[in-house]
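Read the structure below first, then the notes.
Numbering (this note's numbering), first residue to last: 2 to 253.
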């Protein structure tokens, strides 16, 4: 998978007018920021997460700014069955009709420590949220891409998927599996369908996840979440129709 530099500034011509974008993890962190940025760029956003009150708050905020009315799908990716993923895509089809993009921002992480101490529940939740969820969304929603005659999937990875540092255990392994999945899916789509899948590896940023893993860090010295938003918007826009199977990182 090719490593590319994160896009630092957004081309003003890049917009998402008329597009429908599904975002997981919409209720907080990177997912919340991506959701609001997509709405500001003109997209109809489908908010997905497990915190319904937070999703309702974001829904109201989007409407208050005069952006297209979003939709809400409450879904706990750590527990969701395949039937629930099918239902999610059925809701999108019945209410909106087509889907132009999926952004997977939802992330599960356990306490850092020796990998051999992770139990079955921890392994299952890590892989359910970080790997299986986007795979099942693509499986069940791919037909909606054909309705739109295009489709862009953007997956959020992590530097530890590449470095595999000690004590990052199941989280690093699950993100590494996510990278492998994206590479395989990009190759299967290449030349066969007008769909694309790419990764964004943000690096150290001032996010809720970073505050959990590095509690003593001076967060105000880190790049903000806003600094990575131009890359998400670009990969969801028609301007990136030729880009497939790449990983955008702060440190290519």
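All residues carry an ideal CB built from backbone N, CA and C; glycine is no exception.
Worksheet item: Under three-state DSSP, which class holds residue 232?
Response: helix
Worksheet entry | Backbone CA spacing between residue 107 and residue 131 [nearest angstrom] | 7 Å
Worksheet item: Looking at C-alpha atoms only, which residue of 172, 226, 36, 174 is the closest neighbour of residue 102?
Response: 36
Item to complete: Report the partner residues of residue 103 according to the DSSP bridge assignment.
Response: 23, 154
Item to complete: Take residue 196 and list the residues in its own chain whose beta-carbon comes closer than 6 Å to its own, dropping the five residues that flank it on each side.
Response: 146, 152, 190
Discussion item. For residue 175, which residues in the same chain have their Cβ closer than 6 Å to its Cβ, ignoring the five residues on either side in sequence?
Written reply: 127, 128, 131, 132
Practice prompt. Spell out the partners DSSP gives residue 75 in its beta bridges.
Written response: 50
Worksheet item: Across which residues does DSSP place residue 45 in a beta bridge pair?
Response: 21
Discussion item. DSSP three-state label for residue 240, please.
Written reply: helix
Worksheet item: Would the beta-carbon of residue 49 fall within 9 Å of that of residue 89?
Response: yes
Discussion item. According to DSSP, simplified to helix, strand and coil, what is residue 147?
Written reply: helix
Discussion item. Measuring alpha carbon to alpha carbon, tell me which residue in 95, 57, 248 is nearest residue 181.
Written reply: 248
Worksheet item: Given 8 Å as the limit, is there contact between the stretch 57-75 and the stretch 110-126, that is, 3 or more CB pairs closer than that?
Response: no
Worksheet item: How would you call residue 172, buried or exposed, if buried means at least 16 neighbouring beta carbons within 10 angstroms?
Response: buried
Fill in: Cα-Cα separation, residue 111 to residue 159
14 Å
Worksheet item: Ends of the alpha helix (DSSP H) at residue 124?
Response: 121-128
Practice prompt. Look at the alpha carbon of residue 242 and the alpha carbon of residue 16, and state the distance between them as a whole number of angstroms.
Written response: 13 Å
Practice prompt. Determine, using beta carbons only, whether residue 73 and residue 47 come nearer to each other than 9 Å.
Written response: yes
Item to complete: Taking the CB atoms as reference points, tell me whether residue 45 and residue 75 lie closer together than 9 Å.
Response: no
Item to complete: Could you tell me the distance, in whole angstroms, from the CA atom of residue 122 to the CA atom of residue 57?
Response: 30 Å
Worksheet item: When DSSP builds the beta bridges, which residues end up paired with residue 196?
Response: 152
Worksheet entry | Own chain, CB closer than 8 Å to residue 83, minus 5 neighbours either side, in chain order | 137, 141
Worksheet item: How would you write the range of the alpha helix (DSSP H) that residue 169 sits in, first residue to last?
Response: Residue 169 -> no alpha helix (DSSP H), and no H or E assigned at all.
Worksheet entry | Expected contact under 8 Å - CB spacing of residue 1 and residue 244 to nearest Å | Given that the chain is displayed from residue 2 to residue 253, the structure contains no residue 1 and the question cannot be resolved.
Worksheet item: By Cβ distance, which residues of its chain are closer than 6 Å to residue 104, with the 5 residues on each side in sequence left out?
Response: 24, 35, 155
Worksheet entry | Residues of its chain near residue 109, where Cβ-Cβ distance is below 7 Å and the 5 sequence neighbours each way are ignored | 79, 126, 127, 130, 131
Discussion item. Rounded to the nearest angstrom, what separates residue 192 and residue 68 at their Cα positions?
Written reply: 35 Å
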